[in-house]
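FYI, in our numbering the residues of the sequence shown are -15 to 528.
Cβ coordinates follow ideal geometry from the N, Cα and C atoms, glycine included.
Heads up, the thing below is written out as structure tokens.
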Amino acid sequence: HLGWFVVLVPVAGGLIVGLMARYGSAAIRGHGIPEAMEQVLFNESRIPARMTFLKPLSAAFSIGTGGPFGAEGPIIATGGALGSFVGQVLRVSAEERKTLLAAGAAAGMSATFSAPVSAVLLAIELLLFEYRARSLVPVALASAAACGAHMAMVGSAPAFTMPTVAPPSGEALAIYVSMGIIVGFASMLVTRAVYAVEDAFEKLPIHWMWWPALGGVVVGVVGVASPHTMGVGYDNIDRILSGELTGQAVMIFCALKFVSWALSLGTGTSGGTLAPLFTVGGGLGSAIGAAAAWAMPAAGVDVRVAALVGMASIFAGASRALLASVVFAFETTRQPMSLLPLLGGCTTAYLVSALSMKHSIMTEKIARRGMRVVSDYTTDLLEQLLVGDVAASPVVVLEATDPCEKVRAWIAGRAEGSSHQGFPVVDDQGRLVGVITRRDLLDPSANGDGVRVMDLVRRPPAIVFDDSSLREATDHMVREGIGRLPVVTRRDPSRVIAILTRSDLIEAQSRRLDAEQRGEPRYTWRGRRPAVVAAVRPDPVRPT
-15 HLGWFVVLVP VAGGLIVGLM ARYGSAAIRG HGIPEAMEQV LFNESRIPAR MTFLKPLSAA
45 FSIGTGGPFG AEGPIIATGG ALGSFVGQVL RVSAEERKTL LAAGAAAGMS ATFSAPVSAV
105 LLAIELLLFE YRARSLVPVA LASAAACGAH MAMVGSAPAF TMPTVAPPSG EALAIYVSMG
165 IIVGFASMLV TRAVYAVEDA FEKLPIHWMW WPALGGVVVG VVGVASPHTM GVGYDNIDRI
225 LSGELTGQAV MIFCALKFVS WALSLGTGTS GGTLAPLFTV GGGLGSAIGA AAAWAMPAAG
285 VDVRVAALVG MASIFAGASR ALLASVVFAF ETTRQPMSLL PLLGGCTTAY LVSALSMKHS
345 IMTEKIARRG MRVVSDYTTD LLEQLLVGDV AASPVVVLEA TDPCEKVRAW IAGRAEGSSH
405 QGFPVVDDQG RLVGVITRRD LLDPSANGDG VRVMDLVRRP PAIVFDDSSL REATDHMVRE
465 GIGRLPVVTR RDPSRVIAIL TRSDLIEAQS RRLDAEQRGE PRYTWRGRRP AVVAAVRPDP
525 VRPT
């Protein structure tokens, strides 16, 4: 009803967001999730407290004045900022603060869409970078609590209305899975388009504070042609999934929505990506489903299911959050018969995206800043191997009463075992006293008469048990600032049975690489438990 004056509304919103970013915090720019990921990975999950109100306020101005964004990204960022703030007030560790951040982010998404399981999966795939009970349990409880609050205040209806669908036939399932290939390429093009717009704005000779206002011009012009492209557009997703918006109309609408969203998001304004991606993907899936239903009527392709598969697949391809995409589409529609098409379509889209794009829409911005994001979860070799399987044996030890002069002569003679960089020291009963290094023995201060090995021991020994993992041993080395650990048993922790060095850790990784090259499914060391302990005596040198 405003006519062409509607263009001024998103422009005004862009000006406000630009001013808030310039004089409040530049961190409000963007769609929220990449910024939260960056704080988790490179800033010990520390988000400034002002972000808890600046981010939702900027998103309210951006979306409320017609910005074609979803509210979920800013809400996730706000929840994460609140969790980080609590973690900073309580002065917890960085790992605990990361869990609080992820719990807040998951709660924000769960409260928005009443989708608690997918919120947890999204936190695991994009924020936690781990799957452990200490982080999973708090995040799951926060997500469940937020969903309960949503149901109490809003109701238990699904986020998107979709008629009940029938189980897919074999032919229809094959089409849904094949759709993922097309949608996967579309997710790649969408990601590249958004960052191409960002690159274009970087070249403008004006301050970035004015960019959101320029994007608002595009939003307003497109809004004149298609008013439904403005705002979050959850009603548009409803229309697509219910089959109300189909054919040529859905293609034109989704094209306009994509242009408005990509050009506006590329300006660095505040807004989310999930709802626009769902709209574009849903429209693309609906169009592909309609074409397949026309070309192969016997296959029984349901245009509504095709739209749902397209909606979830484009997010899976763009964000690489495969499981979160599948479960989210199910939770927001509550259509159990769509799970199999969703899993197939999202998986193929994920595969195409992973093969054609190095970074996702979430990690591209971080990668452009020279930072590396690892999203693949693999079993840590150091967690699998035990110290007793790797530690070197037999171990050469020095007796505490040995004169340093005789030991240095033994080292100078290059006898067997004398080339080691460190030696455990034992008393007359063979009990561990400490550890001294080659440097300690060759130090000029140890040249005096009557100086014995025990005089060079400066602190109690740091030990490791033979049934500890290599990861525990490595962490112990780092904490103690040493390069070797005597290995003992829990039954008799005073007697050395082996020694673990940094070289042993490197050898473990080397053998893993050799095993992978040979195509072996798994490699572990066995049968290397130490049995003999050699002792150095002043004259002669003989084993104990």
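Original post:
Any chance the region 245 to 253 sits against the region 175 to 189, with 3 or more Cβ pairs inside 8 Å?
Top reply: The region 245 to 253 vs the region 175 to 189: in contact.
**OP:** Decide if the region 284 to 297 is in contact with the region 144 to 158; the criterion is three or more beta carbon pairs, one per stretch, under 8 Å apart.
**Re:** Because the criterion of three Cβ pairs below 8 Å is met, the region 284 to 297 and the region 144 to 158 touch.
Original post:
On the three-state DSSP scale, how would you describe S77?
Top reply: Working through the sequence shown from its first residue, we reach residue 77 at position 93. When DSSP states are grouped into helix, strand and coil, S77 belongs to the coil group.
Original post:
Are the CB atoms of L416 and V391 nearer to each other than 9 Å?
Top reply: The residue you call residue 416 lines up with position 432 of the sequence shown. The residue you call residue 391 lines up with position 407 of the sequence shown. Not closer than 9 Å, so no.
Subject >> Local Cβ density within 10 Å of F(-11), reported as buried at 16 or more and exposed below that >> reply: Counting from 1 along the sequence shown, the entry for residue -11 is found at position 5. Counting Cβ neighbours within 10 Å, F(-11) comes out exposed, since fewer than 16 surround it.
Original post:
How big is the Cα-Cα spacing for E464 and R455?
Top reply: Translated into positions along the sequence shown, residue 464 becomes position 480. Translated into positions along the sequence shown, residue 455 becomes position 471. Counting only the Cα atoms, R455 lies some 14 Å from E464.
Original post:
So is P325 buried or exposed if we call it buried at 16+ other beta carbons inside 10 Å?
Top reply: Taking the sequence shown and counting its residues from 1, one reaches residue 325 at position 341. It is buried - the Cβ of P325 has at least 16 other Cβ atoms within 10 Å.
Subject >> C-beta contact flag for S337 and S102 at 9 Å >> reply: As a first step, residue 337 must be located in the sequence shown, where it is residue number 353. As a first step, residue 102 must be located in the sequence shown, where it is residue number 118. For the 9 Å CB-CB criterion, S337 and S102 do not form a contact.
**OP:** Would you identify the three-state DSSP class for L484, choosing helix, strand or coil?
**Re:** Working through the sequence shown from its first residue, we reach residue 484 at position 500. Reduced to three states, the DSSP call for L484 is strand.
Original post:
CA-CA distance, V202 and F299?
Top reply: Within the sequence shown, numbered from 1, the residue matching residue 202 stands at position 218. Within the sequence shown, numbered from 1, the residue matching residue 299 stands at position 315. In this structure, the straight-line span from the alpha carbon of V202 to that of F299 is close to 24 Å.
Subject >> V264 versus A279 - alpha carbon distance >> reply: As a first step, residue 264 is located in the sequence shown; it is residue number 280 there, counting from the start. As a first step, residue 279 is located in the sequence shown; it is residue number 295 there, counting from the start. Going by the C-alpha atoms only, they are around 23 Å apart.
**OP:** Would you kindly work out how many angstroms separate the C-alpha atoms of I410 and W394, rounded to a whole number?
**Re:** Counting from one through the sequence shown, the residue named residue 410 turns up at place 426. Counting from one through the sequence shown, the residue named residue 394 turns up at place 410. It should be pointed out that residue 410 corresponds to Val in this sequence rather than to Ile. Taking the CA atoms as reference points, V410 sits about 17 Å from W394.
Subject >> Reduced DSSP category for L106 - H, G, I as helix; E, B as strand; rest coil >> reply: What you label residue 106 is simply residue 122 of the sequence shown in a count that begins at 1. Note: L106 maps to helix in three-state DSSP.
Original post:
Would a check of beta-carbon distances place R356 closer than 9 Å to chain D?
Top reply: The structure shown contains no chain D, having only a single protein chain.
Original post:
Do the region 295 to 311 and the region 328 to 346 make contact, defined as three or more Cβ pairs closer than 8 Å?
Top reply: Touching, per the Cβ criterion.
Original post:
Using CA coordinates, which residue listed in W194, G354, A396 and A107 is at the minimum distance from V1?
Top reply: Against the sequence shown, residue 1 aligns to sequence position 17. Of the candidates W194, G354, A396 and A107, the one whose C-alpha sits nearest the C-alpha of V1 is W194.
Subject >> Residue of P122, G329 and Y218 minimising C-alpha distance to A158 >> reply: Sequence index remark: in the sequence shown, residue 158 carries index 174 (1-based). For the options P122, G329 and Y218, the alpha carbon positioned closest to that of A158 is the one of G329.
Subject >> Range covered by the alpha helix (DSSP H) that runs through E383 >> reply: As a position in the sequence shown, residue 383 is number 399, starting the count at 1. It is not in any alpha helix (DSSP H) - E383 instead sits in the beta strand (DSSP E) that spans V379 to E383.
Original post:
If we count Cβ pairs, one from each stretch, closer than 8 Å, do we get three or more for the region 214 to 222 versus the region 40 to 53?
Top reply: With the cut-off at 8 Å, the region 214 to 222 and the region 40 to 53 touch.
**OP:** Using three-state DSSP, classify A519 as helix, strand or coil.
**Re:** Counted from its first residue, the sequence shown places residue 519 at position 535. Only weak support exists for where A519 lies, its pLDDT of 44 falling under 50; the coordinates are left without a value.
Original post:
Residue range of the beta strand (DSSP E) that F407 falls in?
Top reply: Position 423 of the sequence shown holds residue 407. Run containing F407: G406 to V410, per the beta strand (DSSP E) assignment.
Subject >> P32 (DSSP reduced to helix, strand or coil) >> reply: Stepping through the sequence shown from its first residue, residue 32 is reached at position 48. In the structure shown, P32 sits in coil (DSSP, three-state: anything other than H, G, I, E or B).
Original post:
Which residue comes first and which comes last in the beta strand (DSSP E) that contains L416?
Top reply: Residue 416 sits at position 432 when you count from the first residue of the sequence shown. For L416, the enclosing beta strand (DSSP E) starts and ends at L416 to T421.
Subject >> 7 Å CB neighbourhood of L84 in its chain, flanking five on each side removed >> reply: Taking the sequence shown and counting its residues from 1, the one referred to as residue 84 is at position 100. The residues are G67, S68, V70 and G71.
Original post:
For L370, which beta-bridge partners are listed by DSSP?
Top reply: The residue labelled residue 370 in the question sits at position 386 within the sequence shown. In DSSP, L370 forms a bridge with S453.
Original post:
Can you tell which of G51, H15, P58 and E80 has the C-alpha that lies nearest to the C-alpha of T36?
Top reply: On the sequence shown, residue 36 is found 52 positions in, with the first residue counted as 1. Considering only alpha carbons, the answer is P58.
**OP:** Give a yes or no on whether the C-beta atoms belonging to S42 and I17 are separated by under 9 Å.
**Re:** Position 58 of the sequence shown, counted from the first residue, corresponds to residue 42. Position 33 of the sequence shown, counted from the first residue, corresponds to residue 17. Not in contact: S42 and I17 (Cβ atoms no closer than 9 Å).
**OP:** Report the partner residues of V448 according to the DSSP bridge assignment.
**Re:** Within the sequence shown, the letter at position 464 stands for residue 448. Paired residue(s): V471.
Original post:
G(-13) bridges to which residues according to DSSP?
Top reply: As a working note, residue -13 is residue 3 in the sequence shown. Answer is none; G(-13) lacks a bridge partner.
**OP:** Classify P100 as buried or exposed, calling it buried when 16 or more other Cβ atoms lie within 10 Å of its own Cβ.
**Re:** Looking up residue 100 in the sequence shown gives position 116. Of the other Cβ atoms in all chains shown, 16 or more fall within 10 Å of the Cβ of P100; this residue is therefore buried.
Original post:
Do R468 and G406 have their CB atoms nearer than 9 Å?
Top reply: Counting from one through the sequence shown, the residue named residue 468 turns up at place 484. Counting from one through the sequence shown, the residue named residue 406 turns up at place 422. Yes, these two residues count as a Cβ contact at 9 Å.
Original post:
From the DSSP output, which residues share a beta bridge with P387?
Top reply: Working through the sequence shown from its first residue, we reach residue 387 at position 403. R436.
Original post:
Where G88 and H15 are concerned, what is the direct C-alpha to C-alpha distance, given to the nearest angstrom?
Top reply: Position 104 of the sequence shown, counting from 1, holds the residue named residue 88. Position 31 of the sequence shown, counting from 1, holds the residue named residue 15. Computed Cα separation, rounded: 16 Å.
Subject >> Per-residue DSSP class, three states only, for A376 >> reply: Taking the first residue of the sequence shown as 1, we reach residue 376 at position 392. DSSP places A376 in strand when its eight states are reduced to three.
**OP:** Have a look at W192, V374, G266 and L382 and flag the residue whose alpha-carbon is nearest the alpha-carbon of G231.
**Re:** Your numbering for residue 231 matches position 247 in the sequence shown. For G231, the closest alpha carbon among the candidates W192, V374, G266 and L382 is that of G266.
Original post:
Between the C-alpha atoms of R75 and V381, what's the straight-line distance to the nearest angstrom?
Top reply: As a position in the sequence shown, residue 75 is number 91, starting the count at 1. As a position in the sequence shown, residue 381 is number 397, starting the count at 1. Linking R75 to V381 through their CA atoms gives a straight-line distance of about 44 Å.
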